[in-house]
Amino acid sequence: MSQLTIDLNCDMAEGIGNEAELMPWISSANIACGYHAGNEDLMKSTIELCQNYNVAIGAHPSFPDWENFGRTNMNLPPEQAYQIIGEQLHILYKIAKPLGAKLHHVKPHGALYNMAANDSTLAHSIAKAVKDFDDRLIFYGLSQSVMIDEAQNLNLKTANEVFADRTYQSDGSLTPRTQPNALIEDEAKASQQAIRFVKENKVQCITGKQFPLKADTICLHGDGGHAVAFAKLIHDQLIREKIQITSMQ
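Quick note on my numbering: the sequence shown kicks off at 460 and runs consecutively.
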C-alpha cells in the first residue's frame, strides 16, 4: 500500500509577520505579489525562508484591491484578468530569480479565487496567463471547481485545494464567510476534517451529509490569531496518522 501524502499550503507575505513561525509546519507557500498585500522586501524575505525550509514557492495573485485586501469582487474583461495575473507572476519571478529560486505553483487570492471557482471565463483567463508564463507551474484551485476544469483543459497540472478550517455546503461548496458557522474555530474539529480529506477524500457538510471531495492540498490560513498553533496541530496530527506532508511534484 502506497503512503498517503498531502500538501499543506499557506498564504504569506501579507504583512502578518509570522512567516518564520509557520514555515516548519507547511510544504507550500503562496506569496502575495503586491496587488492586495505585500511588497518586494516581504517577497524576498519569504522566498529566502522557503529556501531555508525546503518549502515550495508559489505566487498568490489578486485583483488590484489593496484597500480591501483583495476581497472585493471585480468584473474585469478577460484580457485584463489575464494581464494582471501575468504582471504579478513577473513581479515575483524577478525577485526569485536572483535568489536562485524557482516558482512552483500559482494560487489566486480572495475574491479572484472565489469568483473563478464559479466563472469559467475568469478561470480560463487566469489559467491561460499561468500557462503562457510557465506551463510547468501547478495551478491551485478550489477542489472540483471550474478553476480545476479550465486549467486541465489547457493541460496545466492542477492541485485540488480543500480547507481544514472552513465548513462546506451540501453541494461541496464552501460556506460563504458572510454566513454563520463559515469558519471552524475548534482546532480538533479542523484537524479531524483535514485527516478525513486525506484518508477518505470526503467532507462532512453542515447538513451532516458526506460529500466526496478530492484533496491534493490543504490550505492553512496564516492570518488568524492562532495560525501558528493551528498549523502545528494539523501538521502533527497528519504525521501521527502516518500521512506524509510534501509539496506537489
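Using N, Cα and C, we set each Cβ at its ideal position, and we do this for glycine too.
Item to check | Buried versus exposed call for Arg625 [16 or more other C-beta atoms within 10 Å across all chains shown] | outcome: buried
Item to check | CA nearest to the CA of Ala575, picked from Ile554, Leu615, Lys553, Asn532 | outcome: Asn532
Next on the checklist: Assuming the contact rule is C-beta atoms closer than 8 Å, Ser487 and Gly529 should be a hit. Round their C-beta distance to whole Å, please.
Outcome noted: Incorrect: roughly 19 Å between the Cβ atoms, too far for contact.
Next on the checklist: Just to confirm before moving on: does the CB-CB distance between Ile506 and Leu558 stay below 7 Å?
Outcome noted: yes
Item to check | One or two residues paired with Asp645 in a DSSP bridge | outcome: Beta-bridge pairing links Asp645 to no other residue.
Checklist entry - Where does Val565 fall in DSSP's three states? => result strand
Next on the checklist: Here's the rule: buried if 16 or more other CB atoms are within 10 angstroms of the residue's CB, otherwise exposed. What is Gly684?
Outcome noted: exposed
Next on the checklist: With a threshold of 7 Å on Cβ separation, who are the neighbours of Ile585 within its own chain once the five nearest residues in sequence on each side are excluded?
Outcome noted: Ala540, Ile544, Pro567, Ala575
Item to check | Residue(s) in a DSSP beta bridge with Pro671 | outcome: Lys661
Item to check | Cβ separation of Leu508 and Ala479, assumed to be a contact under 8 Å, to the nearest whole Å | outcome: 6 Å
Checklist entry - Under the three-state reduction of DSSP, which class applies to Ile475: helix, strand or coil? => result coil
Checklist entry - Mind checking whether Met471 and Val514 have CB atoms under 7 Å apart? => result no
Next on the checklist: Quick check: the stretch 671-684 against the stretch 607-627, are at least 3 beta-carbon pairs closer than 8 Å?
Outcome noted: yes
Next on the checklist: Assuming the contact rule is C-beta atoms closer than 8 Å, Leu551 and Ser602 should be a hit. Round their C-beta distance to whole Å, please.
Outcome noted: Incorrect: roughly 24 Å between the Cβ atoms, too far for contact.
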